[in-house]
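Engineer:
In this note's numbering, the protein residues as written are 4 to 190.
1) Is the separation between the beta-carbon of residue 23 and that of residue 61 shorter than 7 Å?
2) What residues are listed by DSSP as bridge partners for residue 43?
3) Between the alpha carbons of residue 93 and residue 8, how many angstroms are there, rounded?
4) Select from 41, 49 and 40 the residue whose C-alpha is nearest the C-alpha of residue 20.
5) In terms of residue numbering, what span does the alpha helix (DSSP H) encompassing residue 167 cover?
6) Ordered along the chain, which non-local residues of its own chain (more than five positions away) have a Cβ less than 6 Å from that of residue 17?
7) Along the chain, where does the alpha helix (DSSP H) containing residue 68 start, and where does it finish?
8) From residue 32 to residue 140, what distance separates their C-alpha atoms?
9) For the beta strand (DSSP E) that residue 121 lies in, which residues bound it at each end?
10) Opposite residue 24 in the DSSP bridges: which residues?
11) Over the uninterrupted alpha helix (DSSP H) stretch that includes residue 108, give me the two end residues.
12) Please classify residue 58 as buried or exposed, where buried requires at least 16 other C-beta atoms within 10 Å of its C-beta.
13) State buried or exposed for residue 117, treating a residue as buried only when at least 16 other CB atoms are found within 10 Å of its CB.
As structure tokens, this is what we get:
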């Protein structure tokens with residue numbers, strides 16, 4: 004996968020959703036990223052990954068999750084770390100699964116469009132609605148109609164960074180910039 008994409012000059016970065024099956028393997032994941040010269044972002048499993056309570060069976064035990072975040076934070080502090088989450092985002096992720104107040108740009112700055120052409124304010128809202136039908140309409144018109152609903156449970160790594168930026172956290176902006184530029188590795 005990684006080598007095939009690189010042979011085609013495609014940028015490669017990883018997004019790792021921490022769950023009960025990989026939360027104890029963070030060190031291995033980080034070692035793989037260092038070996039392959041890959042940037043990686045981490046995020047906790049959430050309702051965006053499965054509808055309703057289906058994500059609950061994927062959730063790691065909280066102590067194991069916090070140990071994984073600690074390992075990620077320690078690695079981030081090392082020179083040349085592949086971790087591109089900002090420190091602020093990792094701190095926010097430590098509030099999982101309950102969340103903490105955070106600005107929300109869903110439906111104003113970003114949105115989610117599913118395969119059926121339904122526009123949602125954000126990925127987290129794709130299973131619960133509301134949505135706007137996009138087919139045959141200008142995006143700006145549909146965006147003006149999409150319901151804006153902030154929440155305290157922004158777990159998707161990229162949107163968390165953007166929302167933290169809206170809170171005035173410049174470290175989040177730099178982390179997101181680094182993630183975009185390092186998408187093809189750190190070479």
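Glycine is no exception: its CB is placed at the ideal position from the N, C-alpha and C atoms.
Structural biologist: For this structure:
1) At the C-beta level, residue 23 and residue 61 come within 7 Å of one another.
2) Paired residues: 17 and 86.
3) The alpha-carbon atoms of residue 93 and residue 8 are separated by roughly 28 Å.
4) Closest option to residue 20, judged by alpha-carbon separation, among 41, 49 and 40: 49.
5) 160-169 is the span of the alpha helix (DSSP H), which, as asked, contains residue 167.
6) Once the five neighbours on either side are set aside, the close Cβ partners of residue 17 are 41 and 43.
7) Where residue 68 is concerned, the enclosing alpha helix (DSSP H) stretches over 65-79.
8) Approximately 42 Å, taken between the alpha carbons.
9) Start and end: 121-123.
10) For residue 24, which the question treats as bridged, DSSP gives no partner whatsoever.
11) Per DSSP, residue 108 lies in no alpha helix (DSSP H) and is assigned neither H nor E.
12) Residue 58 is classed as buried because its beta carbon has at least 16 other beta carbons within 10 Å across all chains shown.
13) Residue 117 is exposed by the Cβ-count criterion.
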